[in-house]
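The numbering used here runs 302 ahead of the 1-based position in the sequence shown. For each residue, glycine too, the CB sits at the ideal point set by N, CA and C. Working notes, structure below.
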Amino acid sequence: MLNYFLSHPVNGQYTELYELWCSWAVQSSMLLFESFSDPNSLCYAHYLDLKDIYESLSPIVHNFPKQIGLALRKKLHDIQFQLTVNDITTIIDKIPDKNELKTESKAIIKTEMINSQYLNISESAKDNECNNDNENEFNDIILSEDDLFKKFKQYNYYNYKNFNSKIVESSQFEIIELVYENEYSKVYRANLKPQNKEVAVKELKAENITDSNVNNLKNALNTLQQLDHPNIIKLEATSISCPNSISIRIATKYVKNGSLYEFMKQKENIQRLTPNLKLQIVLGVIRGLEYLDAMHFIHFTLNTRSILLDNDFNAIISDFYVSKRVNYSQQSAKNSNYFNHIKSNNKLDKILCNHRKNNTNDKISELLEFIRINNQEFLRFISPEVFTEDENCYTPSIDIYSFGFILWELLMIDSNSKNSNILQYSKYNPTQIAAMVVEKDFRPRIPTNTPEMERLIKRCWDTDPNKRPRATTIRKSIENGEIYFKDTNMDEFLNWANESKKKHEAIMNKIYDYAAKKETLILEKLSNLNPLDPATLQLLHELQQFEYSISPNLLTIVFKFMNQFNSLEVQDEAVNLLKQILSRGNIGDILEPSKLIDKIFSIIGSHPYIVISAVRIIAPKISNIQTIVQKLLDMPHSHVTIELLIIVIYYNYNRIPPNLLIHILNSLSSKHAFNFFKFVIMEYGPLPELLPSACKSNKFLTFYVKYLSKMCTRDFQKVHKIVNLPDNFIQIMNSATLKQILESIAILIVNPDSKITENTAKVMFQFLVKKCIKCKATKTALYLLCICIRIGCMRQIIVSSNVWGIILPAIVSDDDEILQYALRLVDKLPMSNDFTLVQKLWVNLLRKYNQRKLKSVAHTICSLLKRRNDLDLSLLVPTILVGFSSDDPQFCVTSIKIARNLNADVLEMLSSETICKNFTEQLNKRNENVCLAIGKMITTIIDKIPNFTFDGKFYFAILSLLYDINTPFDVAMPFIMFFGKLSKIKDVIMLLKKESFVLYLKQLPWRYMNDSRVNNVIEFYTSCLSQHYTYYTY
């Protein structure tokens, strides 16, 4: 049971029951039952279950072993903070009435629910709670009204010494006047009695104590109690009362001059806002933002309404109701084109819809609700990534974007013309305004001022969060006098800035000193820890919470835990830490890139995309490029290594010699080389040095020629130099003509059957074919020659060049494509008058035929036999005879086909006995292709040698084939014609008569009913027989 309790979510059972409840509610409503109409009673039942679990386990938590006890404490802590539902008023309304539950218990439940839900100062305190041995932390949480404030003071998660004193009773606030009121809350000026201090008190109205509103107050309380800076509003006190009605108040320092927004609205204050005063306010704001950045907070709704002005007009940032504490690991910039991946005309609506559907990311809906309640104009201050990115990707650059709008409003005071962009906001709802920013990248016009100030505003408004300046950078620029408003008295301002920065620097140094000491301690512990030690995971996570310094020791630790597989959780945390390190972008400046590369390459197998991100940052700092390239080439080639090569080349564009590019191309397999080749062509253009590499593949060559054609318009002379055509070609061509020809060539390489002109064929031959032959790209050269010979006049031009030098070796090549290209050229090209060359060609063909027995080779041999009568046939006849008796049907057919092209003298050299024996055996095997070839062969023999004799067994084998009912007519026809031509031989006629050949002929029309050729064959046989009828009686 304990194992189930520790391994399942606290609200898991409730979630399942709620889904059932909702399903039953639909069914019951159809039956007009109201049993399941309201799920709030289920919420209350779940609350009671959790309370019983807590009461049962809390007293015995210390009796368990340490590890189990820690896990149990954490689970009980979760229960303590989840004993709620979304709306406290719903729970209170669902508590049974007095007849079922005592009034005292009702007040106790009210008090407890407020305590557990709304006075949870920090949810991040769970880890601290797990390690705290104080038994009182897990005491019974059911409190009386008098104990409420005592219990509330125990939530001092961040150990701030003075926070306990800030929990006061409502009676300690002496209300002086109502300052502001809306439908959700009231703001009073009051006197805090114990300290006799003037404060501003915000009170949430009882009827509006909802989850959203109370969470905003809780968030502000949670934030302010961790902050202490002169430019951040100071938390003075908080109180909660609930005897009769619930009242939640939060008191902060009262700032007399109000907000910057209200101050600027009053015309009499315009003159008081001198350039010096505006710059003083801006410096105060940016110091506050720098402090928030160091403390890892995002304000989210920074605007002129949330900037208060004290008596000395120092800026004080307030309104932390939707602020968010972030891990430093979240402060890595995302792709600046993040919204371009969404293919929708109504992009933002889609995003917002997805955000609302995603229960794990409700910051966007929380912001929109806060803006709807307070002021719609807040939207123009909100950074676009808030509406498009997951909340875990938010960074302090969001506040820098808002800071840019504060600068803009201060500039607008001096602008004489009304800015129509301000009026546009009042016409649209929040979603429409956000869409203008996200989809159209809308920003208002910047009034004329100093160039430095205008540039700063534009940088703050950059769509890419990574390109916005950090608060520290802006603060230093202002304090150094680099950024200022027009007409600023710089001497006066710099004196004030130097005097006022002491306290700010002391606070920031304290933060940085604490972080440095903490970092040193953590690294020392991590260097000695085993991955399986529970403390390792916690320390790695803790290290990500502050801006540590990057050092070789840190990277050694990170790679140590990334390269181990004993704890995947530790490995993942180390990966997150490395991502965080890389997000800073300055790692190449801090560490030696060559040494860093070796460490990064060690994780390429397990974390390839981390390596890619790292190399992208380090690549511009690499000095020994060739060494790094060779290391990548020595690795197993994959899309990762190719991408890394591309990154290294891209960031060192001007330092890469062409021979290195060629070396990379030659080292890569064709599968990966093409992606790299495309990159090189697109970055460097079609370099002449790349042409030999392009010639080795049709795909490469197509890409090269395509880009070469594009270059004709802008640099015709360079293309002319690369193409290197004869002068008589160039004289009749201009850039447009050559471009068209090159485009046609690119198409022909892909589709060799497309249209080709004479000029295109000539350029292809002169430019590409000769280049391919020169760089020994035989396959590509033969392929292009096969395209060129489609133009008749090109055949003689090709023959007159040295193409036979590549055709002859191609005949005996083991590459089938090369062989087929060579055979096609032998068939189409005019035969050379050089007998020695022809004899070599003949020998190569016979050698390839003996080796492979290919039909295409046999076809070329036949073509050559028809065109030449001076060939040496002594090597051919033995091969033919072997083919006659071969069990390989294709070899037998091709051999017979070659034999048909022999002249009568050679055929007479073939033994009649051997032919009859082999053919008889082949006929008995009943292979249709072989039988058809034999039928055509013997007909050819009779035509060339009328006196050629066949034996009786061969005749009977033919008749057996013909009488076989399964013999196709195509096979039977040549044998019937063969017998017709032998009708003059008496013995043959008598044999046919004896074997009922006439009866067979009579059956042919019925046996092959649908073949019109049957009558023609019968007529042919009859006509042959009638020529000898006077001699023989049939």
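Would you give the residue range spanned by the beta strand (DSSP E) that residue i belongs to?
| i | result |
| --- | --- |
| ASN493 | 487 to 494 |
| VAL481 | 475 to 483 |
| VAL503 | 499 to 506 |
| SER1357 | Any question about residue 1357 goes unanswered here, given that the chain covers just 303 to 1336. |
Out of the options, which one is the CA nearest neighbour of residue i?
| i | options | result |
| --- | --- | --- |
| MET1066 | CYS1077, ILE1051, ALA1079 | ILE1051 |
| THR1181 | LEU1166, LYS1168, ILE1198, ASN1171 | ILE1198 |
| ILE1247 | LEU1204, LEU579, GLU479 | LEU1204 |
| ILE588 | GLY371, ILE785, GLU844 | ILE785 |
| GLN1098 | LYS1130, VAL1114, LEU1070 | LYS1130 |
| ASN1318 | LEU709, GLU1210, ILE1278, LYS923 | ILE1278 |
| TYR556 | GLU538, LEU963, ILE1244 | GLU538 |
| PHE867 | LEU857, ILE905, LYS901 | ILE905 |
| TYR1123 | LEU893, TRP1106, LYS1057 | TRP1106 |
| ILE1267 | TYR1302, ILE1291, HIS806 | TYR1302 |
| ASN756 | SER1046, ILE708, SER561 | As written in the sequence, residue 756 is Glu, which differs from the Asn given in the question. Nearest C-alpha to GLU756: ILE708. |
| PHE565 | ILE552, THR554, LEU579, ALA553 | LEU579 |
| VAL1145 | PRO1132, VAL1159, ASN1135 | VAL1159 |
| ASN518 | SER473, PHE602, GLY590 | PHE602 |
| SER999 | LEU1086, ASP766, ASN1036 | LEU1086 |
Got a sec: does the ligand GDP put a non-hydrogen atom nearer than 7 Å to the Cβ of residue i?
| i | result |
| --- | --- |
| TRP710 | Among the components modelled here there is no ligand, and therefore nothing to report on the ligand GDP. |
Which residues does DSSP pair with residue i in a beta bridge?
| i | result |
| --- | --- |
| SER561 | LEU610 |
| ALA1274 | None, per the DSSP bridge assignment. |
| ARG745 | According to DSSP, ARG745 bridges with nothing at all. |
| ILE469 | THR540 |
| LYS626 | ILE600 |
| ILE534 | ILE619 |
At what residues does the alpha helix (DSSP H) containing residue i begin and finish?
| i | result |
| --- | --- |
| ARG761 | 753 to 762 |
| THR1138 | 1137 to 1154 |
| ILE948 | 941 to 952 |
| ALA617 | Looking at the DSSP string, ALA617 is not in any alpha helix (DSSP H); the run it does join, the beta strand (DSSP E), is 617 to 619. |
| MET792 | 792 to 828 |
| HIS909 | Taken as a continuous stretch (DSSP letters only), HIS909 belongs to no alpha helix (DSSP H), as it is neither H nor E. |
| HIS965 | 960 to 969 |
| HIS1161 | 1157 to 1169 |
| VAL1341 | In this structure the chain extends from 303 to 1336, so residue 1341 is not present and cannot be described. |
| SER1285 | First-last for SER1285: undefined, no H or E at that position. |
| VAL877 | 870 to 885 |
| GLU1045 | 1037 to 1052 |
Going by beta-carbon coordinates alone, are residue i and residue j separated by less than 8 Å?
| i | j | result |
| --- | --- | --- |
| ILE951 | ILE920 | no |
| LEU845 | SER869 | no |
| ILE1109 | VAL1140 | no |
| LEU1147 | ILE1163 | yes |
| PHE848 | ALA817 | yes |
| ILE702 | ARG770 | yes |
| ALA1274 | THR1222 | no |
| ILE1240 | PHE1280 | yes |
| SER521 | TYR623 | Reading the sequence as shown, one finds Asn at residue 521 and not Ser. A contact, by the Cβ cut-off of 8 Å. |
| VAL1195 | ASN1231 | yes |
| THR822 | PHE787 | no |
| LEU713 | ILE748 | yes |
| LEU825 | LEU856 | yes |
| ILE600 | LEU610 | no |
| ASN559 | ASP612 | yes |
| ILE924 | PRO895 | yes |
| ILE1043 | TYR1006 | no |
| ASP1190 | LYS1155 | yes |
| SER1037 | CYS1014 | yes |
Taking CB distances under 8 Å as the criterion, tell me whether residue i reaches chain B.
| i | result |
| --- | --- |
| PHE1137 | Looking at the structure shown, chain B is missing, and only one protein chain is on hand. |
Length at least 3, wholly inside the region 1212 to 1248: the beta strand (DSSP E) runs in chain order: None, since the region 1212 to 1248 contains no complete beta strand (DSSP E) of that length.
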